[in-house]
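Here's the structure we're looking at; comments come further down.
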Amino acid sequence: MTGAAATEPAGTALPDAAGVDAWVAPTWEQVVRDHSARVYRLAYRLSGNQQDAEDLTQETFVRVFRSLADFSPGTFEGWLHRITTNLFLDMVRRRQRIRFDALPEDTERLPGSAPSPEQVYADTHLDPQIQAALDKLSPEFRVAVVLCDIEGLTYEEISATLGIKLGTVRSRIHRGRVQLREALAHLAPGRVPVPAEGLR
């Protein structure tokens with residue numbers, strides 16, 4: 001890209017010769033740079049562990065790379081949420097069919113260009129008891145609660161992301177929150193409130 005288009009933010013609309021806005025798709029590198037932290041945070045909330053979050057993040061951007069040229073103008077965040085969430089649900093289904101043995105702790109790892117440990121901790125850390133309670137939810141409830149209460153998506157955005165009806169979204173969020181309250185009830189003598197605006 002050269003000229004004025006190169007200085008525009010990723011995924012902007014620039015006037016064409018006729019004065020009509022023409023979609024200028026961002027490069028894959030721009031998408032990764034601008035959205036990798038958010039995708040990783042969502043992947044971590046859904047999976048509950050760093051290794052799966054890294055795998056989901058990598059696979060999300062592989063999918064983006066393969067289909068970026070075909071992406072029609074819209075919200076990248078919604079598209080990335082949909083890809084990440086679908087990959088997580090696929091992973092859960094696959095694991096229900098296949099038993100995985102963990103690699104030994106001393107297995108060598110290649111260094112990556114991931115955020116620093118401090119940044120990962122700050123971006124992904126929930127109270128361990130809350131994360132454990134989230135991990136116990138069924139994948140469908142966990143996805144709905146995480147997208148709503150942690151990622152801040154509206155019910156309509158969750159419906160579009162998951163391809164399910166609005167009533168189903170409401171039901172999954174409600175049932176997931178009820179299960180979270182029950183799982184966390186031991187932390188206080190009274191009822192443990194889960195704020196309607198989220199767990200952030």
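Residue numbering for the sequence shown follows UniProt numbering, starting at 1 and increasing by one per position.
Where a beta carbon is used, it is the ideal one built from N, C-alpha and C, also for glycine.
{"query": "Exposure label - Thr-85; buried when at least 16 CB within 10 Å", "result": "buried"}
{"query": "Among Arg-93, Gln-179, Phe-88 and Arg-63, nearest to Arg-45 - alpha-carbon criterion", "result": "Phe-88"}
{"query": "At least 3 beta-carbon pairs within less than 8 Å: the stretch 29-42 vs the stretch 63-82", "result": "yes"}
{"query": "Close-in-space but distant-in-sequence residues of the same chain around Phe-61 (CB under 6 Å, 5 per side omitted)", "result": "Val-32"}
{"query": "Own chain partners of residue 206 with C-beta closer than 7 Å, once the 5 adjacent residues on each side are dropped", "result": "Summary: the structure shown does not reach residue 206, with the chain confined to residues 1 through 200, and so no result is reported for it."}
{"query": "Cα-Cα separation, Val-178 to Gly-163", "result": "23 Å"}
{"query": "Alpha helix (DSSP H) segment containing Asn-49, residue limits", "result": "First-last for Asn-49: undefined, no H or E at that position."}
{"query": "Alpha carbon of Glu-156 to alpha carbon of Leu-42, nearest angstrom", "result": "18 Å"}
{"query": "Opening and closing residue of the alpha helix (DSSP H) in which Thr-168 lies", "result": "166-184"}
{"query": "Alpha-carbon to alpha-carbon, Arg-142 and Glu-77", "result": "19 Å"}
{"query": "Nearest-angstrom Cα separation, counted from Leu-80 out to Glu-54", "result": "15 Å"}
{"query": "Ser-47, buried or exposed, once every other Cβ within 10 Å from all chains shown has been counted against 16", "result": "buried"}
{"query": "Given Leu-166 as reference, the closest of Arg-94, Leu-180, Ala-144 and Leu-184 once Cα atoms are compared", "result": "Ala-144"}
{"query": "Cα-Cα separation between Glu-182 and Leu-153, rounded to whole angstroms", "result": "24 Å"}
{"query": "Spatial distance of Val-39 from Thr-57 (CA atoms)", "result": "6 Å"}
{"query": "Closest Cα partner of Ile-150 within the set Thr-168, Asp-127 and Arg-95", "result": "Asp-127"}
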